[in-house]
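Participant: Before we start, here is the structure in question, set down as C-alpha cells.
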Amino acid sequence: MTRSAPSITRRAVLSGIAGAGMAAVAGRSSSGEEAVTTGRRAVTRDITLVAQERRLALPALPGRDLPLLVYGDQPFRTIRAVKGDRIRARLENRLADHTSIHWHGVRVANGADGVPWLTQAPTRPGESYTYDFVPPDAGTFFFHPHCDEIGQIGRGLEGLLIVRNESEPYAVDHVLAVRDWRVDLQDGGFLPISTDQGAAKAGTFGTLRTVNGAERPDFPVPAGEYARIRIMALDPTRIMEIGIEGAEAAIIAIDGFAVGPLPLRSWRMGMAMRLDIAIRLNGKGDTAQLVDYFGAEPLALATFTAGGEGMTVGAFDPPALAAHGLAEPDLDRAETIPFTFSASSIAGAVPVPITLPDGRVFDPADGLCLSSRTFWAINRTSWPGAGAGGLPQPLATLTRGRSYVFELTNTTPHTHPIHLHGFGAKVLDATRLARPVHRADTILLTTKERIRIAFVADNPGDWMFHCHILEHQETGMMGIIRVT
Ligand code: C2O
Ligand code: CU
24 MTRSAPSITR
34 RAVLSGIAGA
44 GMAAVAGRSS
54 SGEEAVTTGR
64 RAVTRDITLV
74 AQERRLALPA
84 LPGRDLPLLV
94 YGDQPFRTIR
104 AVKGDRIRAR
114 LENRLADHTS
124 IHWHGVRVAN
134 GADGVPWLTQ
144 APTRPGESYT
154 YDFVPPDAGT
164 FFFHPHCDEI
174 GQIGRGLEGL
184 LIVRNESEPY
194 AVDHVLAVRD
204 WRVDLQDGGF
214 LPISTDQGAA
224 KAGTFGTLRT
234 VNGAERPDFP
244 VPAGEYARIR
254 IMALDPTRIM
264 EIGIEGAEAA
274 IIAIDGFAVG
284 PLPLRSWRMG
294 MAMRLDIAIR
304 LNGKGDTAQL
314 VDYFGAEPLA
324 LATFTAGGEG
334 MTVGAFDPPA
344 LAAHGLAEPD
354 LDRAETIPFT
364 FSASSIAGAV
374 PVPITLPDGR
384 VFDPADGLCL
394 SSRTFWAINR
404 TSWPGAGAGG
414 LPQPLATLTR
424 GRSYVFELTN
434 TTPHTHPIHL
444 HGFGAKVLDA
454 TRLARPVHRA
464 DTILLTTKER
474 IRIAFVADNP
484 GDWMFHCHIL
494 EHQETGMMGI
504 IRVT
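At position 289 of the sequence shown the residue is numbered 312 (my numbering), and the sequence of numbers has no breaks.
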C-alpha cells in the first residue's frame, strides 16, 4: 500500500486563496524586508497543532496500530506557506509529558525557537503555547519538539514546513519525508526506542524504513518535465547516502537554501538534513528510484513513474531556484572558533538536579530534556555542564553582526550531523568528504573529519548547537552559542 504526496501547486494555490479571504495582514519578515512584491497580500496562517497520541497504522504496516505521537491526526503534519506569510501556530499539549516546537532551519527570532528552559518554559500537559513568526527564507523545513526528543520524535512527533516563493520554477513538487520506525515487525508495537549500546555508538536503528510512512511509495511525475523532489532525512539516527537511479538529477537546494543546480551523484545525509533535487523522466512509463547506498546493499526508498504523453526534450538543464538572501560572512575579518566533538570524559555520569535562577528545579534525569546518561561532549563539555548552577555556560559568546568561522573537528569514529539553530552557515571546506561550498543548518561531520563553516552572527539570542542524532544530543553532545 502506498501513499503519494499530492502535488503542492494546486494545494498551495487553494490554501493561498482561502487564507487571503480569511485574514490579510501586512507581512513583514524578521529580516526587515517587505516580502510581498507583486500584489499578493501576505496572509496570517493560524494553525493549531494538537500534540497527542493517536493509535494508527502506518501505510507501511497495515493493520498494526501503533501508539504514534502526532500533531493533529496523522504523522507528518504539513504546513505550507508563501514567503512573507505570518505563521501563528498554537501548540496544544495533550501528551503525557512536557513538549515544545522547534522550527528547524527557520531563522526565527530567538523567542520563537522552541527550546525549553532556554527560550521558553516547557509547555506542560494541558497547556498551550503560540509561536508567531514570519519565515525569512523560502525552503524545505521541519518542526519537532526540543525536549525528550528521543521519546517524542521516536514515536513520530515531527511535522513539515514548506515555504514557497510566490512564484516557483517547478510546477511539480513532491515532499519525501524519509524515516524509519523502531517497531516489532512480528507483534507490532514499538521496540525500545533508545538503547545504551546505540546511544554510545552510531545510534539505535529502526526496523521499518519508510517514505511518508509508506514502504517504497511511487510518485507520479509528468514525462519530459522537471520535477522538484524535497528529500527530508527525518530518521532520529540513520545516515543515508542518497542517489537517483533511472533519471538525471541535480541538487537545487540544501537545507532549503538554493544552490546550483549541481549534478547529483550521491549525497550523504543525517537526521534533519534536507536536499531538494530536480529530476526529469523523459518517456511515458519510465521509472526512476530514490536509492540509499549507505548500507551493504543499495536500498530503493521510493520510485517515480512518468505519466502523460512524453515529448522530445533537450539537454538536462533544470531551472535554478531563487537565490537565498543570507548575509555573506567577511572571511578576512572573521574570528575562528574551534569546536571538538568527542566522547565524554565523564561517560556514564548521571547529571544532578540543578536549580534555575527563578528557583525552579530542573532534574535532567526525569526524562524531560535529556537522559540520565552521558556519552558525548563538545569542547570537553557535556550538556548539562557538570556542577553548573543552571543551564550550562555558552560554549562561545559572539558579537552581533560580526562574522565567525567555526572549525568543527570530530575525534570520534562516528558521524555526527551538527545543527546550529538560528543561522544558515556557509560550509567552506572539509577534510574528508568532498562537497561544494553551500549553505546549511545541519552539517554532516563524518568520522575524524574537520569542517569549516562561516556565518554572520546577525540573529541575537542563545542558540542550541548540537548533534542531531537524538541519542547523541541527549547524552551530552549539545551546547549553547550566545549572540549578544
Ligand atoms: Cu532540529 Cu535543536 O534541532
Ligand atoms: Cu552525533
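Beta carbons: idealized from backbone N, C-alpha and C, even for Gly. Owing to the predicted nature of the structure, the values given are computational and were not obtained by experimental measurement.
Could you tell me the boundaries of the alpha helix (DSSP H) in which G226 lies?
Facilitator: Taken as a continuous stretch (DSSP letters only), G226 belongs to no alpha helix (DSSP H), as it is neither H nor E.
Participant: What is the residue span of the beta strand (DSSP E) that H495 lies within?
Facilitator: No beta strand (DSSP E) contains H495, which is instead part of the alpha helix (DSSP H) from L493 to Q496.
Participant: Is any non-hydrogen atom of ligand 1 found closer than 7 angstroms to the C-beta of H169, if you look at the structure I gave you?
Facilitator: For ligand 1, at least one heavy atom lies less than 7 angstroms from the Cβ of H169.
Participant: What residue does the alpha helix (DSSP H) around E320 start on, and which one ends it?
Facilitator: Element bounds for E320: n/a, residue is neither H nor E.
Participant: Is the Cβ-Cβ distance between V460 and L451 less than 8 angstroms?
Facilitator: Yes.
Participant: Using 7 angstroms as the cut-off, classify the Cβ of H461 as near or not near the heavy atoms of ligand 3, replying yes or no.
Facilitator: Absent from the structure shown: ligand 3. Ligands present: ligand 1 and ligand 2.
Participant: Distance check for D210 and D160, CA to CA, integer angstroms please.
Facilitator: Their Cα atoms are separated by approximately 44 angstroms.
Participant: Ignoring anything shorter than 4 residues or poking outside the segment 421-502, list the alpha helix (DSSP H) runs there in chain order.
Facilitator: Entirely contained in the segment 421-502, the alpha helix (DSSP H) runs reaching 4 residues are, in chain order, 493-496.
Participant: For I173 versus I110, is the C-beta distance shorter than 8 angstroms?
Facilitator: In this structure, I110 does not lie closer than 8 angstroms to I173 by Cβ.
Participant: Given a threshold of 16 other Cβ atoms within 10 Å of its Cβ, counted over all protein chains shown, does T498 qualify as buried or as exposed?
Facilitator: The residue in question, T498, is buried, as its Cβ has 16 or more Cβ neighbours within 10 Å.
Participant: What distance in whole Å lies between the Cβ atoms of L183 and M255, which are believed to be in contact at a cut-off of 8 angstroms?
Facilitator: The pair is a contact, with the Cβ atoms about 7 angstroms apart (cut-off 8 angstroms).
Participant: Taking all protein chains shown into account, do 16 or more other C-beta atoms lie within 10 angstroms of the C-beta of G149, making it buried, or fewer, making it exposed?
Facilitator: With fewer than 16 other Cβ atoms within 10 Å, it is exposed.
Participant: Quick one, are the C-beta atoms of T230 and L214 less than 8 angstroms apart?
Facilitator: A contact, by the Cβ cut-off of 8 angstroms.
Participant: Could you work out which residue in M296, H437 and I124 is closest to W140 when comparing CA atoms only?
Facilitator: Per the Cα distances, I124.
Participant: Please report how far the alpha carbon of T507 lies from the alpha carbon of L354, in whole angstroms.
Facilitator: For T507 and L354, the distance between alpha carbons rounds to 20 angstroms.
Participant: Measuring from the CB of H125, is there a heavy atom of ligand 2 at a distance below 7 angstroms?
Facilitator: No, ligand 2 has no heavy atom inside 7 angstroms of this Cβ.
Participant: Kindly indicate the opening and closing residues of the alpha helix (DSSP H) around I176.
Facilitator: I176 -> alpha helix (DSSP H) spans E172 to G177.
Participant: By how many angstroms is the C-alpha of R455 removed from the C-alpha of V198?
Facilitator: Taking the straight line joining both Cα atoms gives about 30 angstroms.
Participant: Tell me, which residues are paired with T326 by DSSP?
Facilitator: DSSP, once it has assigned bridges, lists D241 and Q312 as partnering T326.
Participant: Which same chain residues end up closer than 6 angstroms to V129 when comparing Cβ atoms and leaving out the 5 residues on each side of it in sequence?
Facilitator: P158 and F164, listed in sequence order.
Participant: Can you list, in chain order, every residue whose CB sits closer than 5 angstroms to a heavy atom of ligand 2?
Facilitator: Listed along the chain, these residues meet the criterion: H439, C490, I492 and H495.
Participant: Where V206 and G177 are concerned, what is the direct C-alpha to C-alpha distance, given to the nearest angstrom?
Facilitator: Rounded to the nearest angstrom, the two C-alpha atoms are 10 angstroms apart.
Participant: Judging by CA-CA distance, which residue of L344, G134, D485 and A457 is the nearest neighbour of R475?
Facilitator: When each option's Cα is compared against that of R475, the closest is A457.
Participant: If you follow the beta strand (DSSP E) that Y249 is part of, which residue opens it and which one closes it?
Facilitator: Taken as a continuous stretch (DSSP letters only), the beta strand (DSSP E) holding Y249 covers Y249 to A256.
Participant: Helix, strand or coil: which one does DSSP assign to N305?
Facilitator: Coil at N305, not helix or strand.
Participant: Determine whether the beta carbon atoms of T363 and T465 lie at a separation below 8 angstroms.
Facilitator: No, they are not a contact pair.
Participant: Tell me whether Q209 sits in a helix, a strand or coil according to DSSP, three-state version.
Facilitator: Coil, per DSSP.
Participant: Would DSSP call Q416 helix, strand or coil?
Facilitator: Note: Q416 maps to coil in three-state DSSP.
Participant: Since F339 is in the beta strand (DSSP E), which residue starts that stretch and which ends it?
Facilitator: Taken as a continuous stretch (DSSP letters only), F339 belongs to no beta strand (DSSP E), as it is neither H nor E.
Participant: Ligand 1 heavy atoms versus the CB of A135: any closer than 7 angstroms?
Facilitator: No, Cβ of A135 sits at least 7 angstroms from all heavy atoms of ligand 1.
Participant: Between L114, I441 and G424, which has its C-alpha nearest G484's C-alpha?
Facilitator: Nearest C-alpha to G484: G424.
Participant: How many angstroms separate the CA atom of E57 from the CA atom of A144?
Facilitator: Note on E57: pLDDT 35, under 50, position unreliable in the model; no value is reported.
Participant: Taking DSSP as the reference, what is the three-state secondary structure of G149?
Facilitator: G149 falls in the coil class under three-state DSSP.
Participant: To the nearest angstrom, how far is the alpha carbon of G502 from that of I360?
Facilitator: Answer to the nearest angstrom: the Cα atoms are 14 angstroms apart.
Participant: Between the C-alpha atoms of T122 and L493, what's the straight-line distance to the nearest angstrom?
Facilitator: Taking the straight line joining both Cα atoms gives about 15 angstroms.
Participant: Taking Cβ positions, are P243 and T310 nearer each other than 8 angstroms?
Facilitator: Taking 8 angstroms as the Cβ cut-off, P243 and T310 do not qualify as a contacting pair.
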